[in-house]
Amino acid sequence: MTSTTFAARHIAPDISDQSHMLHTLGYGSLDEFIAAVVPDNIRRDNMALGEFTRGYSEEAAIARLREHADQNKVLKSFIGQGYYGTHTPAVILRNVLENPAWYTAYTPYQPEISQGRLEALLNYQQMIIDLTGMDIANASMLDEATAAAEAMTLALRNSKLKNDIFYVSEDIFPQTLEIIQTRAKPLGIEVRVSANLNDAITNDCFAVLVQYPAASGALNDYSELATAAHAQGKAVIACSDLLALTQLKSPGEWGADIVIGNTQRFGVPFGFGGPHAAFMATKDAFKRSMPGRLVGVSVDAQGNPALRLALQTREQHIRREKATSNICTAQALLAIMASMYAVYHGPDGLKKIGARVHRLTSSVAAALTAAHVAVVNTTWFDTLTLKVKDASALHHAAHVAGLNLRAIDAQHVGISIDETTTAADVHALLTLFDAVPVHHDADTIPAALRRESAFLTHPIFNTHHSEHAMLRYLRELSDKDLALDRTMIPLGSCTMKLNATSEMLPVTWPEFGQIHPFAPNSQTVGYRAMIQEVEAMLVAATGYAAVSLQPNAGSQGEYAGLLIIQKYHTSRGESHRNICLIPSSAHGTNPASAAMVGMSVVVVACDERGNVDVADLKAKAEQHSANLAALMITYPSTHGVFEKSITEICDTVHAHGGQVYVDGANMNAMVGLCAPGQFGGDVSHLNLHKTFAIPHGGGGPGIGPVCVAAHLEQFLPNLNAIGYQRDAHGIGAVSAAPYGSAGVLPITWMYIAMMGAAGLTEASKVAILSANYLAKCISEHFPILYTAENGLVAHECIVDVRGVKDTAGITVDDIAKRLMDFGFHAPTMSFPVAGTLMIEPTESEPLAELDRFITAFATIRAEIAQVEAGELPAEDNPLKHAPHTAAVVCANEWTHAYPREQAAYPVASLRTRKYWPPVARVDNVYGDRNLFCSCIPVSEYEA
Ligand SMILES: *Cc1c(COP(=O)(O)O)cnc(C)c1O
Numbered sequence: 001m002t003s004t005t006f007a008a009r010h011i012a013p014d015i016s017d018q019s020h021m022l023h024t025l026g027y028g029s030l031d032e033f034i035a036a037v038v039p040d041n042i043r044r045d046n047m048a049l050g051e052f053t054r055g056y057s058e059e060a061a062i063a064r065l066r067e068h069a070d071q072n073k074v075l076k077s078f079i080g081q082g083y084y085g086t087h088t089p090a091v092i093l094r095n096v097l098e099n100p101a102w103y104t105a106y107t108p109y110q111p112e113i114s115q116g117r118l119e120a121l122l123n124y125q126q127m128i129i130d131l132t133g134m135d136i137a138n139a140s141m142l143d144e145a146t147a148a149a150e151a152m153t154l155a156l157r158n159s160k161l162k163n164d165i166f167y168v169s170e171d172i173f174p175q176t177l178e179i180i181q182t183r184a185k186p187l188g189i190e191v192r193v194s195a196n197l198n199d200a201i202t203n204d205c206f207a208v209l210v211q212y213p214a215a216s217g218a219l220n221d222y223s224e225l226a227t228a229a230h231a232q233g234k235a236v237i238a239c240s241d242l243l244a245l246t247q248l249k250s251p252g253e254w255g256a257d258i259v260i261g262n263t264q265r266f267g268v269p270f271g272f273g274g275p276h277a278a279f280m281a282t283k284d285a286f287k288r289s290m291p292g293r294l295v296g297v298s299v300d301a302q303g304n305p306a307l308r309l310a311l312q313t314r315e316q317h318i319r320r321e322k323a324t325s326n327i328c329t330a331q332a333l334l335a336i337m338a339s340m341y342a343v344y345h346g347p348d349g350l351k352k353i354g355a356r357v358h359r360l361t362s363s364v365a366a367a368l369t370a371a372h373v374a375v376v377n378t379t380w381f382d383t384l385t386l387k388v389k390d391a392s393a394l395h396h397a398a399h400v401a402g403l404n405l406r407a408i409d410a411q412h413v414g415i416s417i418d419e420t421t422t423a424a425d426v427h428a429l430l431t432l433f434d435a436v437p438v439h440h441d442a443d444t445i446p447a448a449l450r451r452e453s454a455f456l457t458h459p460i461f462n463t464h465h466s467e468h469a470m471l472r473y474l475r476e477l478s479d480k481d482l483a484l485d486r487t488m489i490p491l492g493s494c495t496m497k498l499n500a501t502s503e504m505l506p507v508t509w510p511e512f513g514q515i516h517p518f519a520p521n522s523q524t525v526g527y528r529a530m531i532q533e534v535e536a537m538l539v540a541a542t543g544y545a546a547v548s549l550q551p552n553a554g555s556q557g558e559y560a561g562l563l564i565i566q567k568y569h570t571s572r573g574e575s576h577r578n579i580c581l582i583p584s585s586a587h588g589t590n591p592a593s594a595a596m597v598g599m600s601v602v603v604v605a606c607d608e609r610g611n612v613d614v615a616d617l618k619a620k621a622e623q624h625s626a627n628l629a630a631l632m633i634t635y636p637s638t639h640g641v642f643e644k645s646i647t648e649i650c651d652t653v654h655a656h657g658g659q660v661y662v663d664g665a666n667m668n669a670m671v672g673l674c675a676p677g678q679f680g681g682d683v684s685h686l687n688l689h690k691t692f693a694i695p696h697g698g699g700g701p702g703i704g705p706v707c708v709a710a711h712l713e714q715f716l717p718n719l720n721a722i723g724y725q726r727d728a729h730g731i732g733a734v735s736a737a738p739y740g741s742a743g744v745l746p747i748t749w750m751y752i753a754m755m756g757a758a759g760l761t762e763a764s765k766v767a768i769l770s771a772n773y774l775a776k777c778i779s780e781h782f783p784i785l786y787t788a789e790n791g792l793v794a795h796e797c798i799v800d801v802r803g804v805k806d807t808a809g810i811t812v813d814d815i816a817k818r819l820m821d822f823g824f825h826a827p828t829m830s831f832p833v834a835g836t837l838m839i840e841p842t843e844s845e846p847l848a849e850l851d852r853f854i855t856a857f858a859t860i861r862a863e864i865a866q867v868e869a870g871e872l873p874a875e876d877n878p879l880k881h882a883p884h885t886a887a888v889v890c891a892n893e894w895t896h897a898y899p900r901e902q903a904a905y906p907v908a909s910l911r912t913r914k915y916w917p918p919v920a921r922v923d924n925v926y927g928d929r930n931l932f933c934s935c936i937p938v939s940e941y942e943a
């Protein structure tokens, strides 16, 4: 026997486990079973994965990827333009970025098992609030450029002025401008780029956006602009930089209404474009229409402070097409890293880093000026724009010297200094210009713009400055949370599968981590080779013609896909097509994305089996035939069923001139078995953070590639502003870097390269098998809401727990919280059907873990039976009081109608393996009524 294949490590149930499950379901073989689940008419041919068909061993895959990495060249970056060199403190690198306790966690929708990451994100919000001088900040945005676009639409939503005109300062990062223009167009917002911001005062507009410090490096005082704008009811948006704000008067102090930016330079590697956490902070008046997730303080059932996500009624899960944005997966892991950077350095450390960067920049400016190099900007924090005779010759010389400068135009180059810039780097830089150090004035920040106000005064930023303290703080927080390193997280639609260690290793290789997104092509040969291979792998998996990896979450893939559909219709003279059909069961991002491209959503009904109601679909397609733009459909359905009618549905939409958007979040049921590009889809997004092994990071990062059929390839996104153009017909950019969050692509590359075609196909089969095994076993306790006619489900199933509401007063919440006492993360709650639980085990859960979960359900059902039988009071039973904290169970007083032992150890196996939730049930309503979204004052704990 050779050593075990990676596929056999990834797919936990082995042959004997599989036969046990098949036997339980009454099938003789896996293939017989799969034939019963996946409709014949959509089964695919073989998946051609080229050199990856057979699947590499872990060692061979690493060696193969190493060849790509070695083709990248890491130069010293002075490019800046939103991305700066930074030292990731080793204690954060190893204990956050490389630690599965952090990176395998899910979005903190279940707050009781998420207090650690919620605290880290609350620190993040406090850090942003302090540095920007604003009232409130959210828990991360996808990137700086999309955050700027979201700020634009936020300002429009809140504006009382009757116009759609938006002014943007000319001195802004080009990628930010391009995203703003992409986003503005379908919404009918007119973007005016202006050198003279007074234009925004003398003309109509709803808001004006400035960059502070500006893209050229200049420091401008916008306080008069803000005063004049406010007098007219116009909003002022500032794109800013956190390190600069350690030295500069905060935008809040000079009057900005919304501040956005990137936190990358707080310890997060370049990664050739991402992932990094962007931020958004606003004045109080904007908080209820702010996009993205927001962590807030509430109380638990014991009256103790407890954290949870706040104001969720703004989000697309509830508000659908009226949501404040389509952002679902954001950048939690990177936000956590950035916040920990601030916790570790503290305000004084950050001030020192910022002051040093500024001092070095001033010394470079003085030396260059003395050498008769024209420095265009007269003020700066860290960036200089230089006028030169021959920029291209200079770039060439810089590359030879191992340096990258910012490319501006034939006569200008830019230089940005950062935390990693050394004296030797400055020397090399000056040598390029034949300059030598001269005496200089260290502080060139104009007096009116100097920061006088304090920041990060909360104890959390002033305590953990030794490595031991930091290490223990990180451990303390991660110990509070349930992530995949402790338990299965059976979240339907979210596909929480193994994130294998070998897949994670290359992420922190410098040849992947230390590449600036705008580095010249000659330095990124290996990156682009890997990217091409991932694109080809995904083309093979989906049956489409081409893929763009630019969107940095599924929601962004949806947005890109709909823009592509729109552009296709326009190219055929049918720009009037603006109706988007969306089944009622769709994920909230679908209608929210449709709204962002200006489409009108028409809801299609589902029938009593949970399938798309084909008659209703036909009627609506007919009714809107002339204006039908698209259908957005999830397959297999969000109800967890392979609908046989899918080909008929696609044909119907095509017959009426519409395009079919297949939401690919459920691709984990399909890889190797059927392919949306083959059964009728025109466009799909995938979630690489679901199907293709990128970890969820506690709510991001993600990658949401947009995949298209051949007739749409020409419309894939570009990033013209930095010279990335796939095709002149492409839609504008949808993310700030050409390949989005390229830094985590090695994970997907490794996953596919190691699984091979047979491994991937088997993963789909076992994912479906495990889901059906769970469905069958759980159905003895609770009904499964939807199945196909033969009683089978796809890779997930909906458990209908609504019945016990009537018989015992037990809600879906009670069951979800009680599962925590068993050490489980609850399944997806109330999506797509209110009051139910949707379970998705994935192929990488061992049979023993599935059985542990089934036992938990059986035990919970028995407890409910006790309530039904009147043996336990309706208001005093282990479900109503779940989860039980150690403090509650160990208290001297115990007044409940059930024993302590039942509270804490409902099954014997918990005696050797117990997770204690750090807080009792969190009160959501209290938190929203008493909205508080920054660090808890210490006095609160003393009280
Ligand atoms: C997860 C999911 C999305 C959104 O993807 P994000 O990466 O979170 O933006 C869209 N549709 C479905 C069905 C999903 O499960």
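In full-length UniProt numbering, the protein residues as written are 1 to 943. We put the beta carbon where it would ideally sit given N, CA and C, even for glycine.
Shown here, Ser466 sits in coil according to DSSP, grouped into three states, outside any helix or strand. Here Cys890 carries a helix assignment [DSSP, helix/strand/coil]. In chain order, Ala856 place their CB closer than 6 Å to the CB of Phe822, counting only its own chain and leaving out the 5 sequence neighbours on each side. Taking C-beta atoms as the reference points, Thr542 and Ala398 fail to come closer than 8 Å.
The Cβ atoms of Ala592 and Gln316 sit closer than 8 Å to each other. Taking C-beta atoms as the reference points, Thr383 and Gly730 fail to come closer than 8 Å. For Arg54, the secondary structure class from DSSP, reduced to helix, strand or coil, is coil. For Cys797, the uninterrupted beta strand (DSSP E) segment begins and ends at 797–799.
Arg308 is bridged by DSSP to Gly296. Under the three-state reduction of DSSP output, Arg94 falls in the helix class. The DSSP-derived three-state label of Asn521 is helix. Of all C-beta pairs linking the region 799–819 to the region 851–866, three or more are shorter than 8 Å, placing the two stretches in contact. The DSSP assignment places complete alpha helix (DSSP H) segments of no fewer than 4 residues inside the region 657–699 at 676–679, in order along the chain.
Burial check for Pro459: the Cβ neighbour count within 10 Å stays below 16, so the residue is exposed.
Out of Thr828, Ser600, Glu643, His576, the CA that lies nearest to the CA of Asp607 is found in Glu643. At a Cβ-Cβ threshold of 8 Å, Gly677 and Ala332 do not count as neighbours. Val426: member of the alpha helix (DSSP H) spanning 423–432, first to last residue.
For Thr811, the closest alpha carbon among the candidates Val867, Leu850, Thr761 is that of Val867. In chain order, Asn262, Gln264, Val268, Leu334 place their CB closer than 6 Å to the CB of His276, counting only its own chain and leaving out the 5 sequence neighbours on each side. Looking at the DSSP output, Thr634 bridges to Asp663.
DSSP lists no bridge partner for His711.
Counting only unbroken stretches of 3 or more residues, the beta strand (DSSP E) elements lying wholly within the region 200–267 are 207–212, 235–241, 258–262, in sequence order. Here His825 is near Tyr106, since their CB atoms are less than 8 Å apart.
Closest by C-alpha distance to Asp390, out of Leu403, Gly598, Val413, His372, is Val413. Rounded to whole angstroms, the gap between the alpha carbons of Glu476 and Ile703 is 29 Å.
Within the region 270–294, the complete beta strand (DSSP E) segments of 3 residues or longer fall at 278–282, listed in chain order. Per DSSP, the unbroken alpha helix (DSSP H) holding Tyr559 starts and ends at 554–571. The beta carbon of Cys494 sits closer than 7 Å to at least one heavy atom of ligand 1.
Rounded to whole angstroms, the Cβ separation of Pro917 and Met820 is 5 Å, and the two are in contact under 8 Å.
Between Thr761 and Phe692, the C-beta spacing is not below 8 Å. Taking the C-beta atoms as reference points, Gly292 is found no nearer than 8 Å to Asn158. In the three-state reduction of the DSSP assignment, His20 falls in the helix class. By a beta-carbon distance limit of 8 Å, Glu58 contacts Ser502. Their separation comes to about 4 Å. Under the 10 Å beta carbon count, Ala60 is surrounded by fewer than 16 other beta carbons and is classified as exposed. Within the same chain, Cβ atoms closer than 7 Å to the Cβ of Ala323 are found at Arg314, Glu315, Gln316, Gly588, Ala592, the five residues on either side in sequence being excluded.
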